[in-house]
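Below is one structure; the comments refer to it alone.
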Amino acid sequence: MITIWCVKVTCLRRLVETGDLARELSIEESRVTVPRNQSGPNFFAWINNFENESAANRFAQRWDGEKVCTYEIKCKAVKTNEKGRSRSLCPPTSRPQMSETQSHMKPRLVSAQKPAMFTPKHRTLISRDQESSDDDKNSNNYRITTADSATSRQSRQSDRNFQFDQRPVIREIRSTNTPAIHSRPSVCLPSDAFSRKTDETGTCNDGTHCENFDCKADHPIGRTKPCKKAANCTDTECQCLHPSTRPPVRTEFDNGQAWQCDALHSDNRLKDCIYGLHCYNSACTCLHPSNRKVCFFGVDCKDLDCSENHPPGRSMLCDEGVNCGNYYCHNLHPTNWDPCQDGRKCANP
Numbered sequence: 005m006i007t008i009w010c011v012k013v014t015c016l017r018r019l020v021e022t023g024d025l026a027r028e029l030s031i032e033e034s035r036v037t038v039p040r041n042q043s044g045p046n047f048f049a050w051i052n053n054f055e056n057e058s059a060a061n062r063f064a065q066r067w068d069g070e071k072v073c074t075y076e077i078k079c080k081a082v083k084t085n086e087k088g089r090s091r092s093l094c095p096p097t098s099r100p101q102m103s104e105t106q107s108h109m110k111p112r113l114v115s116a117q118k119p120a121m122f123t124p125k126h127r128t129l130i131s132r133d134q135e136s137s138d139d140d141k142n143s144n145n146y147r148i149t150t151a152d153s154a155t156s157r158q159s160r161q162s163d164r165n166f167q168f169d170q171r172p173v174i175r176e177i178r179s180t181n182t183p184a185i186h187s188r189p190s191v192c193l194p195s196d197a198f199s200r201k202t203d204e205t206g207t208c209n210d211g212t213h214c215e216n217f218d219c220k221a222d223h224p225i226g227r228t229k230p231c232k233k234a235a236n237c238t239d240t241e242c243q244c245l246h247p248s249t250r251p252p253v254r255t256e257f258d259n260g261q262a263w264q265c266d267a268l269h270s271d272n273r274l275k276d277c278i279y280g281l282h283c284y285n286s287a288c289t290c291l292h293p294s295n296r297k298v299c300f301f302g303v304d305c306k307d308l309d310c311s312e313n314h315p316p317g318r319s320m321l322c323d324e325g326v327n328c329g330n331y332y333c334h335n336l337h338p339t340n341w342d343p344c345q346d347g348r349k350c351a352n353p
C-alpha cells in the first residue's frame with residue numbers, strides 16, 4: 005500500500021545500499037529508496053509506506069540522532085506528492101573546480117566593445133554627400149553601405165565568441181593515486197570504530213538494555229532513545245525513555261476512570277465533569293467524584309433522611325418538625341409526621 009507519508013534520512017556520508025540501510029533500521033528493503041543522482045558529501049534516503057503522520061513521526065523520533073552504518077543520521081517526516089511517490093531532490097549544486105593552472109589566474113572581464121558608429125571612412129563619405137546636391141542624398145554614397153553593416157555585425161559576433169572562449173572550463177580534477185577528501189569506506193565499520201567516550205563513565209555496562217534517562221555514557225545501536233520532551237511528553241504511545249518525574253501512563257483498565265487523575269491517559273478516555281460533585285444530571289457520562297450520588301427523585305424528594313445529592317430548589321426542613329399541624333405544609337418533615345387533614349378542627353384528636 006502506497007501512502008503519502010515518508011521519512012527522509014539525511015547526513016549519510018556515502019551512498020549506502022538499500023539492503024544495508026534496511027537491515028540497520030529493521031524494516032523491509034522494499035520501503036527504502038536511495039536516489040542515485042547524488043553527488044555528496046551528504047547523502048539522503050527515503051523510508052516510504054507509513055500509515056499516517058503519527059507513524060512517520062514516531063519512526064523519525066526513534067531513529068533521529070542514532071548511528072546507522074557508523075554515521076549519526078537525522079530523520080524527518082515529510083509528505084510526498086499526490087501520486088504517492090517520494091520526492092527526489094536535485095543534487096546540490098557545487099561551485100566549479102578550476103584546474104591548477106586556472107586557479108592562479110585572476111579572472112578578467114572583457115567588456116564588449118561597441119562598434120564605432122562613424123569610422124573615418126564613413127565620415128569621408130558623409131562629408132562628400134553633404135557637398136552634393138539634394139538629389140544625391142538618396143544615393144549609396146550618403147548612407148552606410150550594406151557591406152560596412154555586415155562587417156560591423158561580424159566584429160561584434162567575434163567579440164562575443166572571444167569572451168565566451170575566455171570563460172574557465174568546469175572540470176573535475178581527481179587524482180588516481182590520492183583518495184578524495186570526502187571518500188568513505190564501502191562497508192559499514194564496527195560500532196566501536198567511531199565510539200564517543202565521555203569524561204564521566206565511558207561506555208555503559210547495560211548496553212542496549214539501559215533504561216536510565218539520565219545516563220550520559222555511550223550506548224550501542226539499538227538502545228531506546230531518550231525522549232526530547234523529557235517529563236513534558238504527553239504522548240501516551242511514546243516508546244522513548246522518560247525521566248522518573250514524568251507522570252505515569254494509565255489505561256482505562258488501570259484506574260483510568262478516576263476523577264481528576266494526575267496520570268497520563270489516552271485521548272479516548274472520558275473527560276472530567278466540570279461540575280464535579282455538584283452535577284445533578286443522572287444521565288451525565290463524564291467522570292465524577294466517587295462520593296457523588298444523585299437522588300432519583302431530584303427536587304421532588306420528600307425523604308428528610310436522604311443523603312444523596314439533590315439539585316437546588318428542593319424543599320427546606322420544617323421548623324416545627326413532627327409537631328407541624330399544617331396538613332398542606334410543603335416543607336420536609338420526619339417520617340413519623342402524620343397530621344390530620346382537618347387540622348385544628350379535628351374531632352378525634
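For the sequence shown, the numbering used here gives the first residue as 5, with consecutive numbering after it. C-beta: ideal position from N, C-alpha, C; glycine also.
| What separation, rounded to the nearest whole angstrom, lies between the Cα atoms of Val38 and Cys214? | For the purposes of this step, residue 38 is identified with residue 34 of the sequence shown, where counting begins at 1. For the purposes of this step, residue 214 is identified with residue 210 of the sequence shown, where counting begins at 1. The alpha-carbon atoms of Val38 and Cys214 are separated by roughly 32 angstroms.
| query | Considering only C-alpha positions, which residue in the set Leu281, Val298, Cys237, Lys275 is nearest to Ala287? | reply | Residue numbering aside, residue 287 sits at position 283 when the sequence shown is read from its first letter. That would be Val298, whose Cα lies nearest to the Cα of Ala287.
| Between which two residues does the beta strand (DSSP E) harbouring Phe48 extend? | Taking the sequence shown and counting its residues from 1, one reaches residue 48 at position 44. Run containing Phe48: 47-54, per the beta strand (DSSP E) assignment.
| query | Is Cys322 closer than 9 angstroms to Cys310 when the C-beta atoms are compared? | reply | Reading the sequence shown from its first residue, position 306 is the one you call residue 310. Reading the sequence shown from its first residue, position 318 is the one you call residue 322. No, the pair does not count as a contact, with Cβ atoms beyond the cut-off.
| query | In chain order, what residues of the same chain have a beta carbon less than 7 angstroms from the beta carbon of Ala81, not counting five sequence neighbours either side? | reply | Within the sequence shown, residue 81 is the residue found at index 77, counting from 1. Contacts found: Trp9, Val11, Glu57, Ala60, Asn61, Ala64.
| How is the beta strand (DSSP E) around Thr22 delimited, first residue to last? | As a working mapping, residue 22 is identified with position 18 in the sequence shown. Not the beta strand (DSSP E): Thr22 falls in the alpha helix (DSSP H), residues 22-29.
| task | Check Leu274 in the structure and name its three-state DSSP category. | result | Here residue 274 is taken as the residue at index 270 of the sequence shown, counted from 1. Correct three-state label for Leu274: coil.
| said: Short of 8 angstroms in beta carbon distance, which residues of its chain neighbour Ala26, apart from the five on each side in sequence? Order them along the chain. | reply: Working through the sequence shown from its first residue, we reach residue 26 at position 22. Within the same chain, Ala26 has close Cβ partners Glu32, Glu33, Arg35, Val36.
| task | Check Thr222 in the structure and name its three-state DSSP category. | result | Taking the sequence shown and counting its residues from 1, the one referred to as residue 222 is at position 218. In the sequence as presented, Thr is not what sits at residue 222; that position holds Asp. Of the three classes helix, strand and coil, the one that applies to Asp222 here is strand, per DSSP.
| message | Please list the terminal residues of the continuous beta strand (DSSP E) segment that includes Ala81. | response | In the sequence shown, the residue the question calls residue 81 occupies position 77. Where Ala81 is concerned, the enclosing beta strand (DSSP E) stretches over 78-83.
| said: Let me check one thing: in DSSP terms, what residues is Trp341 bridge-paired to? | reply: The residue labelled residue 341 in the question sits at position 337 within the sequence shown. Bridge partners of Trp341: none, in fact.
| task | Hey, could you find the ends of the beta strand (DSSP E) Thr240 is sitting in? | result | Taking the sequence shown and counting its residues from 1, the one referred to as residue 240 is at position 236. Careful: Thr240 lies outside any beta strand (DSSP E) and carries neither H nor E.
| task | Output the distance between the C-alpha atoms of Glu76 and Phe217, rounded to the nearest integer angstrom. | result | Working through the sequence shown from its first residue, we reach residue 76 at position 72. Working through the sequence shown from its first residue, we reach residue 217 at position 213. So the two alpha carbons sit approximately 20 angstroms from each other.
| Neighbour-count burial assignment, Ile278, 16 or more Cβ in a 10 Å radius | Counting from 1 along the sequence shown, the entry for residue 278 is found at position 274. The residue is exposed, with fewer than 16 neighbouring Cβ atoms inside 10 Å.
| Distance between Pro45 and Ser98 (C-alpha atoms, nearest Å) | Here residue 98 corresponds to residue number 94 of the sequence shown, with the count starting at 1. Here residue 45 corresponds to residue number 41 of the sequence shown, with the count starting at 1. Note on Ser98: pLDDT 41, under 50, position unreliable in the model; the coordinate value appears next. The straight-line gap from Cα to Cα measures roughly 10 angstroms.
| query | Quick one: what's Leu321 bridged to in DSSP? | reply | Within the sequence shown, numbered from 1, the residue matching residue 321 stands at position 317. DSSP output for Leu321 lists Leu336 as bridge partner(s).
| request: Look up Asn313 in the DSSP assignment and give the residues it is bridged to. | output: The residue labelled residue 313 in the question sits at position 309 within the sequence shown. Val298.
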